[in-house]
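In our numbering, the protein residues as written are 12 to 101.
Right under this line is the structure:
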C-alpha cells in the first residue's frame, strides 16, 4: 500500500477497520525508513530515531507511567518473537 492509496482511502472513508489504519501507518513508516536508508542514513540511527519518536509521542499522549508499563512487557514480547519478521508460526 502506498501513501497515495491511503490518501484515497481516507478521502473516500473506506478504511473501516483499525487493522487497515495500522497497515497504512506501517506503510508510511516503511516508506520513510526506506528513504532514509537510500539517503545513506545508517539503519541503527534510523531505528533509534524511530523508537525515540514513537516513545516520545506515546509519552505525550498517555504519560510516562503508562508508557513505562507498556515498555515493561517488551522483553517478553521480543523473546517470544512478536517482532521477528521471518519467524515460523506453528
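For every residue, glycine included, the Cβ atom is placed at its ideal position computed from N, Cα and C.
- Task: For residue 44, collect the residues of the same chain with a Cβ closer than 8 Å to its Cβ; drop the 5 residues on either side in sequence, then sort them by chain order.
- Result: 57, 61, listed in sequence order.
- Would you mind giving the Cβ-Cβ distance between residue 78 and residue 69, rounded to the nearest angstrom? I have them listed as a contact below 8 Å. Contact flag correct, Cβ pair sits at about 5 Å.
- For residue 71, the first and last residue of its enclosing alpha helix (DSSP H): Residues 54–73.
- Span separating the alpha-carbon of residue 72 from that of residue 90: Inter-residue distance for residue 72 and residue 90 is about 27 Å (C-alpha atoms, whole angstroms).
- Item | Length of the line joining the Cα atoms of residue 97 and residue 88 | One C-alpha to the other measures close to 15 Å.
- Can you tell me where the alpha helix (DSSP H) with residue 38 in it begins and where it stops? Residue 38 -> alpha helix (DSSP H) spans 29–49.
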